[in-house]
Amino acid sequence: MKNGSVYADRVRKAYLRLAKTHRKSGAVCATDPLRQAAAAVLGRHDGLAAGMAALDRIFKRVVDWNEVRVSTAEELSTWVGGLLKHPRESCEDLIRMLNGVFRRENAMSLDRLMQGKVKDARKYLESLPGFDAYVTASVLLWSLGAHAIPVNDRLLERMKREGWVSPEAEREEVQGFLERHVKAQEAQTFAQVMESASLQRFSGSSRSGVAPAAKSAGKSKSEAKTKADGKPSSSSARSAPRVTRASKPRQAQARSKSSVRNKARK
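Counting from 1, one number per residue, gives the positions in the sequence shown under the numbering used here.
Set out below in structure tokens:
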């Protein structure tokens with residue numbers, strides 16, 4: 001990433017600031033790799049917490065992973081629709097991922113990754129259907145305790161909007177960049193803080209893309225121009241009271257009525 005040292009400094013400052021206001025739960029115990037992968041697939045857009053909640057809701061309706069694997073995306077999406085931004089797409093990805101694991105392992109398990117080397121585990125996960133950079137990093141970090149930084153869609157969007165990374169950077173590039181600048185012992189806490197921050201609104205700009213300060217500045221310029229020209233601005237014209245017949249002086253109304261009566265007599 002170009003200007004990497006500049007972005008690294010911005011990320012570090014943002015993290016230290018956000019860490020003061022976002023809850024940190026410390027190290028997280030390793031979880032089942034398959035469950036972690038499934039939650040990451042479902043939470044790719046909305047974050048790992050949303051993915052976990054969606055997965056819990058699915059397992060209230062099914063018995064095991066095989067039942068999830070043979071379900072339809074339409075069926076699963078009706079159960080998790082209120083939790084995910086793209087429920088149908090996420091459930092299609094989940095089914096594809098589970099079928100990929102089953103074809104490769106002939107079982108619904110990724111437990112063998114717990115005994116191997118992290119390098120081999122990363123390579124293996126990347127070869128499976130449905131395992132993109134985010135899902136792979138989630139399994140490596142939370143299930144294997146490896147040095148990885150998963151970046152979901154919302155976090156990636158915020159990092160670009162806030163200027164913490166290059167606006168042209170892809171997810172995989174951003175994750176690799178963060179892994180080079182965040183220490184291994186800080187990875188889990190960093191991931192928790194940043195993912196939590198991604199759920200909040202952007203602080204750097206308004207939804208219209210114009211900062212509040214810029215709007216105020218534009219208003220001040222408009223008022224200054226009005227004073228200099230002596231002409232009311234469009235906003236002033238809109239706010240000016242309308243003059244109606246009811247606001248005419250009573251004497252003028254009386255003269256008008258008298259004129260009408262004189263013409264009638266003639």
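Beta carbons: idealized from backbone N, C-alpha and C, even for Gly.
- [ ] Could you pull out every residue in the same chain whose Cβ sits closer than 7 Å to the Cβ of Trp93, ignoring the five residues on either side in sequence?
- [x] What sits at residue 93 in the sequence shown is Asp, not Trp. Excluding sequence neighbours, Asp93 sits near Val41 and Gly130.
Open item on the list: Tell me which residue opens and which closes the alpha helix (DSSP H) that Arg112 is part of.
Closed with: That residue, Arg112, is in no alpha helix (DSSP H); it is neither H nor E in DSSP.
Task: Per-residue DSSP class, three states only, for Lys215 - done: Caution applies to Lys215, whose pLDDT of 41 falls short of 50 and renders its modelled position unreliable; the value that the coordinates give is listed next. Of the three classes helix, strand and coil, the one that applies to Lys215 here is helix, per DSSP.
Task: CA-to-CA distance, Ser166 to Arg35, given in whole angstroms - done: 32 Å
TODO: Put Ile149 into one of helix, strand or coil per three-state DSSP.
DONE: coil
Task: Beta-carbon separation (whole angstroms), Leu84 vs Ala54, contact threshold 8 Å - done: 6 Å
Open item on the list: Check whether the segment 74-88 and the segment 108-122 touch, using three or more Cβ-Cβ pairs below 8 Å as the test.
Closed with: no
Task: Runs of alpha helix (DSSP H) wholly within the segment 71-106 (minimum 4 residues, chain order) - done: 73-80 and 87-105
Open item on the list: Can you look up Glu170 in the DSSP assignment and give me helix, strand or coil?
Closed with: coil
Task: Residue of Leu128, Arg161 and Asn66 minimising C-alpha distance to Arg10 - done: Arg161
Open item on the list: For Val174, tell me which candidate among Glu75, Arg112 and Pro150 has the shortest Cα-Cα distance.
Closed with: Pro150
TODO: Take Glu89 as the anchor and find which of Arg44, Ala133 and Glu157 has the nearest alpha-carbon.
DONE: Arg44
TODO: Tell me the start and end of each unbroken alpha helix (DSSP H) in the segment 17-72 that is at least 4 residues and wholly inside, in chain order.
DONE: 33-42, 48-58 and 65-69
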